[in-house]
Amino acid sequence: MPVRVGVDSGIQSLPPGVRAADLAQAVEEAFPQHPDSEIILSFPGLGIQLAARVLAEIGDDRTRFADARGLEAYAGASPVTRASGKKSSITRRWVKNDRLNHAGYLWAFSAITASPGAKAHYRRRRDDHGDWHAAGQRNLFNRMLGQLHHCLKNRHLFDERTAFPTTQAPALAVA
960 MPVRVGVDSG
970 IQSLPPGVRA
980 ADLAQAVEEA
990 FPQHPDSEII
1000 LSFPGLGIQL
1010 AARVLAEIGD
1020 DRTRFADARG
1030 LEAYAGASPV
1040 TRASGKKSSI
1050 TRRWVKNDRL
1060 NHAGYLWAFS
1070 AITASPGAKA
1080 HYRRRRDDHG
1090 DWHAAGQRNL
1100 FNRMLGQLHH
1110 CLKNRHLFDE
1120 RTAFPTTQAP
1130 ALAVA
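Each residue of the sequence shown is one higher than the one before, starting from 960 at the first, in the working numbering.
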C-alpha cells in the first residue's frame, strides 16, 4: 500500500509541542517508502527534504496534470506572454503555488552545483539570452519540472545525458 504524502493529514495528527527536528526525522523515514521517491531523488539537487516538499505540493495523482505545461504553470515556472496589437511582453507568473515555487527556486539553485548539464543550461540562459539570475533559475526549474513530469509518467529515472544533451560542434577540416 503506497504511503500518501499530504500536508493536511500530517498536520492534523501531530501532537502539540512537536519540534521541527522531529518532523524532519519523520520525513527522512517516511519519504523513501513512497513509490515515486527513487525517481524524484534521482534528480540533481533534490535531497530527501526538498524532494518530499516537491512531492507534497504536486501530489502523487498522475492524472492531476494532463501535461508538463500544466504542472509548470501551477508551479509558476512557465512565463506569461501578454500581447495586444503591436506590443508583447513576457513576464513571470504571479498566480502560482508559492510553496512549490520556492521549492523550485531552491531546487534550481542546488541543481546548478550538482549537475554540469543544469549549470550549462543556466549559464546559456544568462550569457546567450541575457536572463537575470532569477529568470535563469526559473527557466531551469521549468525545464526540470518538465523532465520530472516525464519521468514520473513513464516511471524512468533521471538521466543527465538525455536531459541535457551536449551538442558537439563539427570539427573543421584542416587542409
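Think of the CB as a built atom: it goes at the ideal place given N, C-alpha and C, for glycine as much as any other residue.
Exercise for the section: Determine which residues share a DSSP beta bridge with Ile1049 and list them. Expected result: Thr1040
Handout entry: For Asn1060, three-class secondary structure by DSSP
Key = helix
Exercise for the section: Return the residue from the list Asn1113, Gln1106, Tyr1033, Ala1093 that minimises the CA-CA distance to Glu1119. Expected result: Gln1106
Problem - Cβ separation of Pro998 and Leu1111, assumed to be a contact under 8 Å, to the nearest whole Å - result: Note on identity: in this sequence residue 998 is Ile, with Pro being the wrong assignment. Right, the Cβ-Cβ distance comes to about 6 Å (below 8 Å), so this counts as a contact.
Problem - C-alpha gap between Val962 and Leu1014, whole angstroms - result: Reliability of the predicted coordinates at Val962 is poor, the pLDDT of 49 falling under 50, and no value is obtained from them.
Practice task
Could you tell me which of Ser1074, Arg1102, Asp1087 sits nearest to Glu1031, measuring between CA atoms?
Solution key: Arg1102
Exercise for the section: Since I believe Pro1003 is in contact with Ala1070 (beta carbons under 8 Å), could you give me their beta-carbon distance rounded to a whole number of angstroms? Expected result: 5 Å
Exercise for the section: Report yes if the C-beta distance between Ala1034 and Leu1059 is below 7 Å; otherwise report no. Expected result: yes
Practice task
Give a yes or no on whether the C-beta atoms belonging to Leu1137 and Ala1036 are separated by under 7 Å.
Solution key: What is shown of the chain runs 960 to 1134, which leaves residue 1137 out entirely.
Handout entry: Those runs of the alpha helix (DSSP H) which lie wholly inside the stretch 1066–1126 and span at least 4 residues
Key = 1075–1088, 1092–1113, 1119–1122
Practice task
Just confirm the distance between the C-beta atoms of Val986 and Ala1025, as a whole number of angstroms; I'd bet it's less than 8 Å.
Solution key: Their Cβ separation, rounded to whole angstroms, is 29 Å, which puts Val986 and Ala1025 out of contact at 8 Å.
Practice task
Kindly indicate which residue of Arg1082, Ala1077, Leu1009, Val1039 has the alpha-carbon position closest to the one of Gly1063.
Solution key: Leu1009
Exercise for the section: Quick one: grab the DSSP three-state call for Arg1023. Expected result: coil
Exercise for the section: Could you name the residues of the same chain whose beta carbon sits closer than 8 Å to that of Arg1021, not counting the 5 residues immediately before and after it, in chain order? Expected result: Leu1111, Lys1112
Practice task
In angstroms with no decimal places, state the Cα-to-Cα distance between Arg1082 and Arg1097.
Solution key: 13 Å
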